[in-house]
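Quick note, the sequence shown lines up with residues 8 to 237 if you use full-length UniProt numbering.
By construction, the Cβ of each residue, glycine as well, lies at the ideal position given by its N, Cα and C atoms.
Take a look at the structure set out below.
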Amino acid sequence: DNMIVATNVDKIYPNGCHALKKVSATVKRGEVVVIIGPSGSGKSTFLRTLNQLEVINSGDIMIDGMDMYARGSNINALRENVGMVFQSFNLFPHKTVKGNVMLAPLTVTKRDAKEVEQHAKDLIYRVGLAEKMDVYPSHLSGGQQQRVAIARALAMKPDVMLFDEPTSALDPEMVGEVLDVMKALAADGMTMVVVTHEMGFAREVADRVLFMEDGELLVSDTPENVFDTT
Ligand code: ADP
Ligand code: ADP
8 DNMIVATNVD KIYPNGCHAL KKVSATVKRG EVVVIIGPSG SGKSTFLRTL NQLEVINSGD
68 IMIDGMDMYA RGSNINALRE NVGMVFQSFN LFPHKTVKGN VMLAPLTVTK RDAKEVEQHA
128 KDLIYRVGLA EKMDVYPSHL SGGQQQRVAI ARALAMKPDV MLFDEPTSAL DPEMVGEVLD
188 VMKALAADGM TMVVVTHEMG FAREVADRVL FMEDGELLVS DTPENVFDTT
């Protein structure tokens with residue numbers, strides 16, 4: 008049962024940079040896929056095409072059985088189904104932790120405010136920040152802010168979560184707390200695509216590792232085969 012099917016995806020930026028060259032990859036429901044490769048190899052671009060932050064030049068992307076590029080497809084619905092966490096947390100500074108997590112579901116879904124609030128509280132509890140519910144982001148560490156960003160992405164009840172170097176902007180002592188939240192999410196069966204330099208996470212948590220170089224997907228294999236051979 009495939010959650011993501013990318014077929015022959017090509018991305019050429021307006022400046023001519025050919026960032027993705029016929030990239031084909033599938034991600035099964037519940038699978039955790041980690042993308043590795045040198046800087047500039049297209050990892051971030053590929054992730055961003057999966058929720059149409061970048062529009063592709065050719066190829067096809069299906070998410071949960073829906074064609075992202077079919078005429079008349081509901082891009083907003085598709086996007087809501089794909090949560091994304093970035094290197095920078097970008098929380099709203101004038102909203103509390105709970106306010107940040109509730110904002111998107113309150114504004115773009117028809118869910119009842121009470122239900123949205125309860126769900127937000129549950130998510131904040133899950134990322135270990137129950138005692139920070141009503142605190143503003145400036146009073147949180149980087150690791151705590153990134154955990155809020157994860158809760159905020161989960162608030163839309165996505166079926167897929169994308170992570171673009173989620174720990175790269177953090178002080179080293181805060182990396183573990185964010186990876187632990189991601190591990191728990193993976194153990195819960197969330198479908199995840201993660202760009203990271205944390206090879207320990209890739210080894211321990213990934214079902215499959217993709218290796219990209221110069222816009223091409225060169226390897227798709229188990230962590231054992233990727234890391235333990237050669
Ligand atoms: P990675 O995530 O592996 O570091 P990126 O996807 O960020 O790689 O970048 C892939 C290539 O696309 C690089 O050569 C980069 O300079 C280029 N690139 C990324 N974003 C843009 C952009 N907005 N405009 C033009 N070129 C870009
Ligand atoms: P990363 O490798 O983590 O993706 P980069 O430093 O490559 O980060 O890119 C940071 C930002 O700059 C991204 O938004 C990317 O799209 C943009 N960018 C990267 N390369 C170029 C480029 N050659 N021209 C324009 N924008 C770019």
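Counting C-beta pairs closer than 8 angstroms gives fewer than three between the region 72–86 and the region 14–30, which falls short of the contact rule.
Across the set A156, S80, G66, V202, the C-alpha of A156 shows the shortest separation from the C-alpha of L110. For G66, the three-state secondary structure derived from DSSP is strand. Exclusion of S65 from the 6 angstroms shell around ligand 1 follows from its C-beta lying no nearer than that to any non-hydrogen atom of the ligand. Within the chosen limit of 6 angstroms, ligand 1 does not reach the beta carbon of G72 with any heavy atom. Under DSSP, the beta-bridge partners assigned to L217 are I42, S227. Boundaries of the alpha helix (DSSP H) harbouring F208: 206–212, taken from the DSSP string. Between V123 and L113, the gap from beta carbon to beta carbon is short of 7 angstroms. With fewer than 16 other CB atoms across the displayed protein chains lying within 10 angstroms of its CB, I82 is exposed.
With a cutoff of 6 angstroms, K50 counts as near ligand 1, since its C-beta is closer than that to a heavy atom of the ligand.
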